[in-house]
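Numbering (UniProt numbering), first residue to last: 1 to 390.
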């Protein structure tokens, strides 16, 4: 009877509510535990998102690249060949000039006077020669009758010969004076671009001046002198023997093609200290994108591989056993495939062995891959080949 009273007391009030909640929690935990034990455990296979490309056949140009310096095809320092006052300049700085264009004018008056003097001296000697010949003819007519001595006749003959020789001297003096006078007018010997002027009108110029008046550089065409490893000699020489070798001049960062020219020569010796050889290429440079003194990358086209199996270089991985790529199989799992590589051009690599045309390789996230891992293709795939993964 007493125990019934206690039970009724416990089932009433706040204590009864707390007790009921506790019983519910215990019951829920028991139910969840049995449900967990009865549910099977599923191990989901990891799927890695990757970009991929198809190995494809293509014609791939093979280049050998070296660092080079742009050099003017011709460089001429325009210097005075006579002394005199610089009267005027016939060019503006940076102007393109043609052969024969006026560059400078030195005061010609002293040299014109020297020419006039030489011409007058010849005229005098010509007159003396005419008179000497008349006297000689008279002496020759008198000699048979012995109206004149042989000595007088021979002297007159010598005088005629001497005057003839003097006229030859006069002709040489006239030619020299004409040459000196022509030096007063300075013209461009080549087509090219003028630089900064080195002398101003009004200055007295001397033929011994080393600095000159202006420097003219021929930039159309223009040259690039560059170096390649000595090991490339036979490849380049064979290419030159077979056909004209194309050379591309590219900016130092590789982003801009500055011009396409032809390989002109291989230097006649290899530098033993650096193990390199010098080569010279010529470019038309009609757009003046190549400038003397600039540094460029010279790419020599030595071969074009036809129908080569190619993949992007981003697909290539390197490990302890050599180079490899992750090849995607039909079930979308990957395998490691050892490769034998050939030449590389602009991020595209020739695969000599290890891949067939149409096989798919991954190009990113390789660090997350291992054999038999499942992969899924993203939208941005096959950018090199131009086809999307199915």
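All C-beta atoms in this analysis are idealised placements derived from N, C-alpha and C, irrespective of residue type, glycine included. Being a predicted model, the structure only gives us computed values, none of them experimental.
Note down, in chain order, each residue of its chain lying with its Cβ closer than 6 Å to the Cβ of residue i, except the 5 sequence neighbours on either side.
i: residue 235; result: 302
i: residue 253; result: none
i: residue 205; result: 80 and 86
i: residue 261; result: 247, 281, 282 and 283
i: residue 95; result: 194
i: residue 149; result: none
i: residue 84; result: 106 and 107
What span of residues does the alpha helix (DSSP H) with residue i cover, start to end?
i: residue 335; result: No alpha helix (DSSP H) contains residue 335, which is instead part of the beta strand (DSSP E) from 334-338.
i: residue 419; result: The displayed coordinates of the chain run from 1 to 390. Any statement about residue 419 would go beyond what the structure contains.
i: residue 171; result: 150-183
i: residue 122; result: 109-142
i: residue 245; result: Looking at the DSSP string, residue 245 is not in any alpha helix (DSSP H), and its letter there is neither H nor E.
For residue i, count neighbouring C-beta atoms within 10 Å of its own C-beta (all shown protein chains included) and say buried if the count is 16 or more, exposed if not.
i: residue 296; result: buried
i: residue 293; result: exposed
i: residue 392; result: This structure leaves residue 392 out entirely; the chain is present only between 1 and 390.
i: residue 77; result: exposed
i: residue 213; result: buried
i: residue 370; result: exposed
i: residue 275; result: exposed
i: residue 8; result: With a pLDDT of 49 at residue 8, under the threshold of 50, the modelled position of this residue cannot be trusted, and the question is left open.
i: residue 366; result: buried
i: residue 222; result: buried
i: residue 255; result: exposed
i: residue 299; result: buried
Would you mind stating whether residue i and residue j have Cβ atoms separated by less than 7 Å?
i: residue 66; j: residue 233; result: no
i: residue 247; j: residue 263; result: yes
i: residue 374; j: residue 47; result: yes
i: residue 75; j: residue 217; result: yes
i: residue 120; j: residue 177; result: no
i: residue 180; j: residue 82; result: yes
i: residue 354; j: residue 339; result: yes
i: residue 326; j: residue 362; result: yes
i: residue 360; j: residue 54; result: yes
i: residue 279; j: residue 266; result: yes
i: residue 224; j: residue 334; result: no
i: residue 244; j: residue 63; result: no
i: residue 277; j: residue 230; result: yes
i: residue 341; j: residue 323; result: yes
Take residue i and list the residues in its own chain whose beta-carbon comes closer than 7 Å to its own, dropping the five residues that flank it on each side.
i: residue 122; result: 167, 170, 171 and 174
i: residue 57; result: 307, 308, 309 and 357
i: residue 201; result: 86, 87, 88 and 89
i: residue 128; result: 163
With a threshold of 8 Å on Cβ separation, who are the neighbours of residue i within its own chain once the five nearest residues in sequence on each side are excluded?
i: residue 6; result: Since pLDDT at residue 6 reaches only 42, below the 50 mark, its modelled position is unreliable, and the value read off the structure follows with that caveat. Around residue 6: no qualifying Cβ.
i: residue 97; result: 91, 103, 188, 191, 192, 193, 194 and 216
i: residue 157; result: 136
i: residue 376; result: 47, 48, 49, 50 and 332
How would you write the range of the beta strand (DSSP E) that residue i sits in, first residue to last?
i: residue 198; result: Segment: none, residue 198 is in no beta strand (DSSP E) and carries neither H nor E.
i: residue 268; result: 257-271
i: residue 253; result: Per DSSP, residue 253 belongs to no beta strand (DSSP E) and is neither H nor E.
i: residue 52; result: 52-54
i: residue 284; result: Careful: residue 284 lies outside any beta strand (DSSP E) and carries neither H nor E.
i: residue 217; result: 214-229
i: residue 190; result: It is not in any beta strand (DSSP E) - residue 190 carries neither H nor E in the DSSP assignment.
i: residue 373; result: First-last for residue 373: undefined, no H or E at that position.
i: residue 91; result: Neither: residue 91 is in no beta strand (DSSP E) and is coded neither H nor E.
i: residue 319; result: 317-319
Segment contact, 8 Å Cβ cut-off, at least three pairs: the stretch 101-110 with the stretch 183-198
yes
>> Using 8 Å as the cut-off, can you tell me whether the stretch 347-357 makes contact with the stretch 299-315, which would need three or more C-beta pairs spanning the two stretches below that distance?
In response: yes
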